[in-house]
Every structure is written in structure tokens, then in C-alpha cells.
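Quick note on my numbering: the sequence shown kicks off at 3 and runs consecutively.
Heads up, the thing below is written out as C-alpha cells.
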Amino acid sequence: MRKLPLIAGNWKMNKSSGETTSFIKELAPHITDCDVMVYLAVPFTYISLASRASEKTGIVIGAQNMNDAKKGAFTGEVAGIMLKDSGAEFVILGHSERRHIFGEDNDFINKKVIRAIKDDIKPILCVGETEEERDGKRTEDVLKEQLEKGLSKVSKEDVKNVVIAYEPVWAIGTGKTATPQVANSAHQFIRKTISSIFGATPAKNIYIIYGGSVKGENIEDLLKQKDIDGALVGGASLEVESFLEIIRKS
Ligand code: PGA
């Protein structure tokens, strides 16, 4: 049976409080009859506002990052329990912008995944190869390492609550989408790796979503692929019209 598609918007460092509320108000009435799970990862400062605006709409609000510690002297950082307290239900972890701009490595990302699970926030763990790694035929090695390290010490029971986002770095914000076949073969490999770590049932049930220049024009072909369960959408999640087109076509 086909899973209900998961479409997650990632606003990155964009929008104001007023734009956050008006976006949700405008989007909400249109998604009531869509068989899609709609997630929105907003900036930290708008989580409370967005979660209040999203009450009873079906839109699930989340964050784009968190710290791995429970609390303490970590100036400028935000803890999972704070996100939860503000209304976040999920968190994007290990996004390539965190890995490449802020130097986050697999071990640090793993600590955040573990903390998010403890704090009862669904982690969306992002994995993906750079263009150089793909050209060097290292895609599978990179994905395997990101998954094995990123999910280290996660139990079979807890992995059920994790979403994997395959985001080839060369396709993020570039307009270059992986072809549905290229994306699906990476998703297949991810599922196989999850199966070898956790077994066949978690591998079958886990959501593996695709990210990288997803738009209304390519979502249908991507979702036709057997191993693609949804999408993580950056640029096209910033306008109601383009985000809604993706949701409607899912
Ligand atoms: P994009 O971003 O859709 O703008 O390529 C995706 C992401 O970074 O999650």
C-alpha cells in the first residue's frame, strides 16, 4: 500500500512574523481535502506563532536545527525541549547547509538525533552527496557512512519515528533536480542500508523523502518512484501558490 506522502517545507532563514501568519492562514483552507501530511520547518523565532496559527489545520510545525544537549551553558543554542515547548513536532537535522557551512559532522548530528528522540521530536535526518562525491562514484559510500553514523545507537523501536531526507547537495537551490530514476536508486540504496542496520520491517516502513529543487513540475514523477515517500522543499515552500501546487500534485 502506498504511504501517505509527506511534504515538508523548509523556509531556511526567510520570512517575518506577519508573513508566517498570513502564509499559514492562506494555505490552511486548501489542504483540508488533500491526502498529504504537510510539515513546515520555520525559523526558531516563529515556532510558537506558527504552531498557534496551525492549530486544527493539519499543518505540522517544526524546526530546522537544535543542540544536542538537554540544557546548559551553550550561548546562542536552542534545546529540543524548548522546541517542543514552543510547539515544534519535528526537527530537520544534518541539512547540507549545516554540514557544509557550519561544519557539522556525522557524530555531532548523531548526538542531535538521539537527543531529538529523547525529547520526543521527530528527526528528519538529511543525507546526500556532493557533486564531487557523485562524480568520484562515492555516492553510496557517503550515504552509508552518513546513515550508519547518523543513526548510531538508535534503537529499532525508535527508528520508526525517524524520517530520512535524501538531498543530493548538487541539487539544492540550484534548479538541478536529480532525475526520478537517479533519486530512486539512491532511495533504494538508503532503504537497503536501513534494512541491514535495523531489519526489513523498519526499512519498509521508514519514510524516505527527496529534496533538491522540488517543484510543481517534477513532484509527480518523483512520487511515482517506488522508494520516494515525499519531499523536502526549500525555495518552492516560500510562496503559498508553489507549495500548494506541490501538495495538490502529491
Ligand atoms: P530547494 O532546497 O528546494 O530550494 O532546492 C531544499 C532543501 O534545502 O531542503
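Ideal placement from N, C-alpha and C gives every residue a C-beta, glycine not left out.
Residue i, buried or exposed, once every other Cβ within 10 Å from all chains shown has been counted against 16
| i | result |
| --- | --- |
| M15 | exposed |
| Q148 | buried |
| T22 | buried |
| D121 | buried |
| R101 | buried |
| V104 | The sequence given here places Phe at residue 104; Val does not occur at that position. By the neighbour-count rule (16 or more Cβ atoms within 10 Å), F104 is not buried but exposed. |
| L6 | exposed |
| E57 | exposed |
| T141 | buried |
| P125 | buried |
First through last residue of the beta strand (DSSP E) which encompasses residue i
| i | result |
| --- | --- |
| V40 | M39 to A43 |
| F46 | Taken as a continuous stretch (DSSP letters only), F46 belongs to no beta strand (DSSP E), as it is neither H nor E. |
| I116 | Element bounds for I116: not the beta strand (DSSP E) but the alpha helix (DSSP H), N108 to K120. |
| I230 | Here I230 belongs to no beta strand (DSSP E), and DSSP marks it neither H nor E. |
| P125 | K124 to V129 |
| N12 | L8 to N12 |
Contact belief for residue i with residue j at Cβ below 8 Å, rounded distance in angstroms
| i | j | result |
| --- | --- | --- |
| D231 | I211 | 6 Å |
| Q227 | N186 | 4 Å |
| F200 | K158 | 5 Å |
| Y41 | G11 | 7 Å |
| V115 | L153 | 7 Å |
| L85 | I61 | That pair is no contact at about 16 Å. |
| L225 | S252 | 6 Å |
| P204 | V161 | 5 Å |
Residue range of the unbroken alpha helix (DSSP H) whose run includes residue i
| i | result |
| --- | --- |
| V242 | V242 to R250 |
| G20 | S19 to I33 |
Whole-angstrom distance between residue j and residue i, CA atom to CA atom
| i | j | result |
| --- | --- | --- |
| I33 | N67 | 26 Å |
| Y168 | A71 | 26 Å |
| T176 | G214 | 8 Å |
| A202 | K194 | 8 Å |
| P339 | E131 | Here the chain comprises residues numbered 3 to 252, so residue 339 is not present and cannot be evaluated. |
| S50 | S88 | 5 Å |
| R250 | G237 | 17 Å |
| S2 | A43 | What is shown of the chain runs 3 to 252, which leaves residue 2 out entirely. |
| D35 | T59 | 11 Å |
C-beta neighbour in chain B for residue i, strict 8 Å
| i | result |
| --- | --- |
| A71 | Structure shown: chain B not included; a single protein chain is present. |
Ordered list of alpha helix (DSSP H) runs contained in the region 65-94, each at least 4 residues: 82-88
In chain order, each beta strand (DSSP E) run of at least 3 residues that lies wholly inside the region 149-188: 165-168
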